[in-house]
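Written out below as C-alpha cells is the structure these notes cover.
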Amino acid sequence: MIGLTIAFALGGFALGAYLAYRYAPPLVRARGSTAVGVVICVLVGAAVGLAFMYVYLAIYVLIHAGPLSGAISSENGGGPTASPDANIFASAVYSIASQSGVLLALAAGVHLLGSAGASGVTGASGPAKASSAGIEVD
Amino acid sequence: MGALVVAALVTLLGAAVGWVAAGRLALLPAATKGQRLARTSVSLLGAIAGGEIASQLYDLVHRLQLNAKLYGGFGGRLIHEEDVIDVIQAMRGVLFHGALLIGLATALALLARREADRASVSA
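In order, the protein sequence lines correspond to chains W and L.
Just so we're aligned, residue 2 is where the first sequence starts under the numbering used here, counting upward by one.
Just so we're aligned, residue 117 is where the second sequence starts under the numbering used here, counting upward by one.
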C-alpha cells in the first residue's frame, strides 16, 4: 500500500513532466529558458502526481473502508449527514481541484511569463526563435 | 532531542542548497536596489522551498521509524494506515508546497529579469 502510493505519485510526476516536455507550446530560445522549461515540467508533474495519488487513495479507501477513511475525509467535503462514500469522493475532487489546479495555473503563468519576457525584450535586438517540439529548448 | 537537531540541520542544509540554486539559476543582475531586492527575494523563496522539501522528507523517514516502534505489535494493520497518512502528508508537502514555492520563485525571477532587460534596453 505504501509502496503503491509512492509509486502512483512518482509515476504521475514522471508522466506529467514528460507530457509537459512533449506537448507544451514551445518556449522561445532565450537566456535561462532551459531552467524555465524544467520548472514548468516540475510543476505539471507535481500536479499530475498529486492527482494520481488522490485518485488511487480514494479508490483504495472506497474499497477498504477503515480508519483511513476518517482521516482522509475529515479534511473537507460532506457534512455529518453525508454518506462516507460521498465524503471520500468530494474530498478527493476538492483536493485535486485545489492543489493540482493551482499548480497547473502556476505552470501556465510561468510559461506565459517565460515566453512573453523573452520575446518582448530580446525581440528588440533580433527575432527570438521558437524550438520545434514542445517545451524543448536548445 | 537528537532528532530535533538532525531535523534542523537537514532543513538548514536544504535551505542553503535552495538559496544557492535559486540565486545561480535566476540569472538576475544586482545593479540597482530593486534588482538586489528581487534577487534576494528569489533566493529566499528558493531557500524556503529547499527547506520545506528537505524537512518533509526527513519528517517522513522519522515518522515511519516512529510508527514501526509504536505500532509494530498490532499485527501490521494499524501501522499501514498510519504510514499511508504520513506518506500522503509528506507527498503533499513536497509536491504541492515545494512545487508551489519553486513556481513562485521562477515567476518572480522572470518578472524581475523582464524589468531589468526593459530598463537596460531603454537606457
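In this text, a Cβ means the ideal position worked out from N, Cα and C, and glycines have one as well.
- Within the region 33–50 of chain W, the residues whose Cβ lies closer than 7 Å to some Cβ of chain L are Gly-33, Ala-36, Val-37, Val-40, Val-43, Leu-44, Ala-47 and Gly-50, listed in chain order.
- The residues Ala-163, Gly-166 and Gly-167, in chain order, have a CB closer than 6 Å to that of L/Ala-131 in the same chain once the five nearest residues on each side in sequence are set aside.
- If you check the CB distance, L/Leu-224 and L/Val-158 come in under 8 Å.
- Exposure of L/Ser-236 is indicated by the presence of fewer than 16 other C-beta atoms within 10 angstroms of its C-beta.
- Put simply, the backbone Cα of L/Gln-172 is about 13 Å away from that of L/Val-122.
- Residue-level contact check: L/Thr-148 does not touch chain W, since none of the beta carbons of chain W fall below 8 Å from its beta carbon.
- When CB distances to chain L are screened at a threshold of 8 Å, the residues of the region 95–117 of chain W falling below it are Gln-100, Val-103, Leu-104, Leu-107, Ala-108, Gly-110, Val-111, Leu-114, Gly-115 and Ala-117, in chain order.
- Chain-ordered, the chain L residues with CB closer than 8 Å to the CB of W/Ala-10 read Met-207 and Leu-211.
- One finds Met-2, Ile-3, Thr-6 and Leu-69 in chain W with Cβ atoms closer than 7 Å to the Cβ of L/Val-200, taken in chain order.
- Non-local beta-carbon contacts of W/Leu-11 in its own chain, meaning distances under 8 Å to residues more than five positions away in sequence, involve Gly-50 in chain order.
- W/Arg-32 is a Cβ neighbour of L/Leu-143, given a cutoff of 8 Å.
- Put simply, the region 132–139 of chain L does not touch the region 100–115 of chain W. Fewer than three CB pairs are less than 8 Å apart.
- Under the Cβ distance rule, L/Ala-124 does not count among the residues neighbouring chain W, no pair being separated by less than 8 Å.
- Within a 10 Å sphere around the beta-carbon of W/Leu-44 sit 16 or more other beta-carbons, which makes this residue buried.
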